[in-house]
Amino acid sequence: MSVVKKIKNMDTMKKAVIVSVWGALVSGVVACMGSSMTVFMDFCRCLLEGAMTVVTYIVFLKINKQAVSKRKETVLQESIRFVTGLVMICTSILLATVSMASFSPVIAEGNNIPSLFTTGICTCINFKIYRNYKKDLEKNNNHIVRAQYTMYRLKTCINSFVLFVIGIMIFAPSWSMIPYIDLVGTCIIAVVMLNEGIKNMKSIETKLTKTSWRKVRRIVSFVTSL
Numbered sequence: 010m011s012v013v014k015k016i017k018n019m020d021t022m023k024k025a026v027i028v029s030v031w032g033a034l035v036s037g038v039v040a041c042m043g044s045s046m047t048v049f050m051d052f053c054r055c056l057l058e059g060a061m062t063v064v065t066y067i068v069f070l071k072i073n074k075q076a077v078s079k080r081k082e083t084v085l086q087e088s089i090r091f092v093t094g095l096v097m098i099c100t101s102i103l104l105a106t107v108s109m110a111s112f113s114p115v116i117a118e119g120n121n122i123p124s125l126f127t128t129g130i131c132t133c134i135n136f137k138i139y140r141n142y143k144k145d146l147e148k149n150n151n152h153i154v155r156a157q158y159t160m161y162r163l164k165t166c167i168n169s170f171v172l173f174v175i176g177i178m179i180f181a182p183s184w185s186m187i188p189y190i191d192l193v194g195t196c197i198i199a200v201v202m203l204n205e206g207i208k209n210m211k212s213i214e215t216k217l218t219k220t221s222w223r224k225v226r227r228i229v230s231f232v233t234s235l
């Protein structure tokens, strides 16, 4: 009980890391019960989301410490935007690539019930973290909370949509429109995420002058030196 209380008292970012890692482990156990390619792909997605949360937390924590010690609030804000934008762009490309696999007949084969549970776990985790960040945003409207709130809002949308598609695959497996729904829907969400990522990257500097290129190089070297 004391462990649960400790987790509840943690800040949202730490909570997100713990919940995401446990969610990835549970989804891995559930994935072992399935036999189709869908379950394996969903497990990989859950694992990727857990890893991404951990990496983002470590990077943000290091950026925060360095920026506070150097008293460079501008570098902190721009580095957060840079990392968030980069993660969003990479995720959107990955989503668009994975959605192409929907046209493979292998995806529809086997038992998709475990996949429903795996994606359900992932959706619940992302929704819970999204709600926590929403509350944090009302209390403290800073750049880190705003970036994480946007990220989890989009991730909740993605997982909810995937959950909907898997539900159709289970209850209407013979419906030929399933792959097209999955492809179009995932690509739309991927484009939204790509747009958010580009907006984050663009907010570093609107005009690419010599000064702004220097600024971008400084941010990149700051992030890579962590």
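Note that the working numbering has the sequence shown beginning at 10, numbered continuously upward. Cβ coordinates follow ideal geometry from the N, Cα and C atoms, glycine included. These figures come from a predicted structure and were not determined experimentally.
query: Contacting residues, own chain, Cβ-Cβ under 8 Å from Y139 (five flanking each side not counted); result: Y158, Y161, R162, K164 and T165
query: Three-state class that DSSP yields for N149 in the structure shown; result: coil
query: Member of K148, S169, L125 and N141 whose CA lies at the smallest distance from the CA of T132; result: S169
query: Neighbour-count burial assignment, F126, 16 or more Cβ in a 10 Å radius; result: buried
query: Best match in K137, V154, V201 and I177 for proximity to Y66 [C-alpha to C-alpha]; result: V154
query: Nearest candidate by alpha-carbon position, reference T128, set G176, F136 and L172; result: L172
query: V64 versus Y142, I27, V201 and D145, residue with shortest Cα-Cα distance; result: I27
query: Beta carbon of I130 nearer than 7 Å to that of V35; result: yes
query: Neighbourhood of L146 by C-beta distance below 8 Å, restricted to the same chain and skipping five residues each side; result: V154, R155 and Y158
query: Spatial neighbours of K143 in its chain, beta-carbon cut-off 7 Å, leaving aside the 5 residues before and after; result: Y158
query: Backbone CA spacing between F136 and F180 [nearest angstrom]; result: 24 Å
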